[in-house]
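Numbering of the sequence shown is given in my numbering, commencing with residue 71 and proceeding in unit increments.
Report on the following structure.
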Amino acid sequence: LNVDAAVFEATLAGSEDAPAVQWRGEARKLALGDQSLINVKTHGEASLSELPDGGLSSALEALQKIAGEVSADAVNLGGVASEAMTLNTELTRSGETVSGPIAFTAKSVSTLTGLAQTASASGELVLDPGDPSALEFAGSGLLNGAAMYAPRRQAWLEGVGIPEPFSAHGAA
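So this is what it looks like as structure tokens:
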């Protein structure tokens, strides 16, 4: 991980029985391989059932609520690039899962198949702290000003046939 000009501060808040962590941070660049975030900013707060004894799994097990935002001026995730990306969430523990609303927006999105002026998604995120790789998302997404690159569009439309009389009209 390559980190350039980063500042991160976390403050322990709350009480001994209900600890909380508030954070704020920024970095000029975060990069790993062909993935990068430029001018990243984040802030938020997490409420815990107890202070974790170290490691990601104990922190996730202690997590009761987390609300935060991450934004970047530019994002490149190896084949997907955008400008002005923002991600907001507020997740709360209920039994064995942590869930809540999540929202994502980005401008000037480009992928290997096409581009969009803006992209957004919002919905409900559910995660199992015992298995951080098990994420569920139910929601909707929207692309504005979207277009597929010509070779991809032609390959995709090849299988679409237009019935008579419309196909004959196009040939005339």
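Glycine included, each C-beta is placed from N, C-alpha and C at the ideal position.
Leaving out five residues before and five after residue i in sequence, what residues of the same chain have Cβ atoms less than 6 Å from its Cβ?
i	result
Val145	Leu107, Ser152, Met155
Thr162	Lys135, Gly170
Ala206	What sits at residue 206 in the sequence shown is Glu, not Ala. Here the set comprises Val196.
Asn158	Glu139, Ala173
Ser190	Thr175, Leu212
Glu120	Ala132
Asp198	Thr167, Ala204
My assumption, with CB atoms under 8 Å, is that residue i sits in contact with residue j. Please give the rounded CB distance.
i	j	result
Thr81	Gly95	Contact doesn't hold; Cβ gap of about 12 Å is too wide.
Ala97	Ala75	6 Å
Gly130	Pro202	The sequence given here has Leu at residue 130, not Gly. Rounded, the Cβ-Cβ distance is 6 Å, consistent with contact.
Suppose you measure from the CA of residue i to the CA of residue j; what does that come to, to the nearest Å?
i	j	result
Val230	Arg222	14 Å
Leu118	Met218	45 Å
Ala176	Ala220	23 Å
Leu212	Ser192	9 Å
Gln224	Thr183	11 Å
Glu234	Glu228	17 Å
Val150	Glu160	25 Å
Gly103	Ile232	45 Å
Ser141	Ala208	22 Å
Thr167	Ala204	10 Å
Thr27	Asp87	For residue 27 there is no data in the structure shown, the boundaries of the chain being 71 and 242.
Glu79	Gly165	30 Å
Ala137	Trp93	10 Å
Trp226	Lys99	37 Å
Ala125	Glu194	Here the sequence assigns Gly to residue 125, which means Ala is not the residue at that position. Using only the alpha carbons, I get a separation of about 26 Å.
Asn72	Thr181	23 Å
Val77	Ser210	34 Å
Can you give me the Cβ contacts of residue i inside the same chain, cut-off strictly under 8 Å, excluding the 5 residues immediately before and after it?
i	result
Ala90	Leu82, Ala83, Gly84, Glu115, Ala116, Ser117, Leu118
Ser128	Pro122
Gln105	Asn146, Leu147, Gly148
Could you pull out every residue in the same chain whose Cβ sits closer than 7 Å to the Cβ of residue i, ignoring the five residues on either side in sequence?
i	result
Ala186	Val179, Leu213, Asn214, Gly215, Ala216
Asp143	Ile108, Asn109, Glu153, Ala154
Under 7 Å: does the beta carbon of residue i sit that close to some heavy atom of the ligand NAP?
i	result
Ala189	For the structure depicted, the ligand NAP is absent and the ligand set is empty, with no information on it obtainable.
* Complete alpha helix (DSSP H) runs within the segment 94 to 137 (minimum length 4 residues, chain order) -> Within the segment 94 to 137, the complete alpha helix (DSSP H) runs of at least 4 residues are 126 to 132.
* Tell me the start and end of each unbroken beta strand (DSSP E) in the segment 143 to 192 that is at least 3 residues and wholly inside, in chain order. => Taking only runs of at least 3 residues, the beta strand (DSSP E) segments lying wholly in the segment 143 to 192 are 151 to 164, 167 to 180.
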